[in-house]
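Be aware that the sequence shown starts at 6, since it is given in the working numbering, and climbs by one per residue.
Heads up, the beta-carbon is just placed ideally off N, CA and C, and yes, glycines get one too.
One structure is given below, encoded as C-alpha cells.
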Amino acid sequence: MAIARLLLQQQEERPKCVSARGRSLCRYFVKVSWGWTFLCLLPFIALTSYVATRSLGTVFRRLGALLVGSMIWFTCTKFFILIENATGTCYNSSALLDIRPGFTDKRSCISSGGFWDGFDISGHSFLLPYCTLMILEEAAVAHFVRFEKSWQKHLINFLTLSLAFLIFVWIFMFFCTSIYFHDFSQKLLGTSFGILGWYVTYKQWYLMPYSPGLPLRSANKEGKRGYNK
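See the structure below:
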C-alpha cells in the first residue's frame, strides 16, 4: 500500500528534473532494451554452458531461453497494441473533444494528424523488469563455473560487467518510466506481465525436462534439471 501511494503521488507531481530530450532518450533506450539484453546474454550463456558441460547440445538448449524471451517480448508487445487499439478512440487533439470517425487503430489515427486515446499497457514497465530478472537468473552462474583458459575468464568478466551495467540502466529507466509515462494501472499491469513472464519460465517451465532448462546455479541449488544432457 505504501508503494502504491508513493507511485500515485509521483504520478501526480511529475518532477521536472528530466528534460523532454531526456524523456525521449529514455523511450529510445527502452525500445532497444531487449536487443541489448539479448546480445549480452547470447555469448554469456553459450560460453558458461559449454565450459560447464562440454556439450553443444546443452549450449543450444540453454540458448533456447533467449528464443523464449524473444517470443514473450513479441507476444506481449503485440497484445498491448491490440488492447490499445480495441479500447481507443481517435480525436482531433489531446483535448479529447471532437472525435475523428473512421479510424480503428492508433497508427492510422496518428498518421492523419489525430490523437489516439486508448488503454496503453506500459511496455516499458513490462520489458525492463523482465530483462532485469532474466539477467539476474542467468548471470549468477558465473560464480559457479571454473574457466580453464584465461581468455574465457576475461571474456566472462567483461560480459558480467556489461550485464551488471545493463541492470543499472534498466532499473534507472524503470524509475523514469514510473514518474513520466503512463498512469498507475497501466504501469501495474505492464510490470505484472513482466514478472509473470519470468515466473512462468524460470520458476515453473524451466524445471521440466522439455524446456531450455535452468542455469547451472539454479539446477544445482534446487536439485532440478538445468544442464542435463
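Since residue i and residue j should fall inside the 8 Å C-beta cutoff, what is the C-beta to C-beta distance between them, to a whole number of angstroms?
i, j, result
"residue 71", "residue 43", "6 Å"
"residue 92", "residue 124", "4 Å"
"residue 52", "residue 160", "7 Å"
"residue 140", "residue 168", "5 Å"
"residue 171", "residue 41", "6 Å"
"residue 219", "residue 207", "7 Å"
"residue 221", "residue 146", "5 Å"
"residue 34", "residue 174", "7 Å"
"residue 217", "residue 66", "6 Å"
Check residue i in the structure and name its three-state DSSP category.
i, result
"residue 3", "Outside the modelled stretch of the chain, which goes from 6 to 234, sits residue 3, for which no answer is possible."
"residue 51", "helix"
"residue 94", "strand"
"residue 81", "helix"
"residue 41", "helix"
"residue 221", "helix"
Pick out whichever of the options has its Cα sitting closest to the Cα of residue i.
i, options, result
"residue 116", "168, 36, 98", "98"
"residue 5", "142, 59, 62", "In the structure as shown, the chain starts at 6 and stops at 234, and residue 5 therefore has no counterpart that could be examined."
"residue 130", "144, 145, 57, 176", "176"
"residue 191", "86, 212, 100", "86"
"residue 118", "101, 96, 156", "96"
"residue 200", "74, 66, 215", "74"
"residue 45", "220, 193, 144", "144"
"residue 196", "83, 136, 163, 150", "136"
"residue 127", "66, 62, 64, 186", "186"
"residue 110", "94, 103, 147", "94"
"residue 82", "122, 114, 39", "39"
"residue 88", "107, 77, 65, 122", "122"
"residue 77", "148, 133, 34", "133"
"residue 108", "61, 100, 90", "90"
"residue 101", "194, 112, 120, 84", "120"
Would residue i pass as an interface residue toward chain C - the criterion being a Cβ-Cβ separation below 8 Å?
i, result
"residue 220", "Of the protein chains in this structure there is only one, and it is not chain C."
Measuring from the CB of residue i, is there a heavy atom of the ligand GTP at a distance below 7 Å?
i, result
"residue 38", "The model on display carries no ligand, and the ligand GTP is accordingly not part of it."
Pick out the complete alpha helix (DSSP H) segments inside the stretch 112-175, 4 residues or longer, and give them in chain order. 128-144
Inspect the CB distances between the stretch 182-190 and the stretch 55-68 and report whether three or more fall short of 8 Å. no
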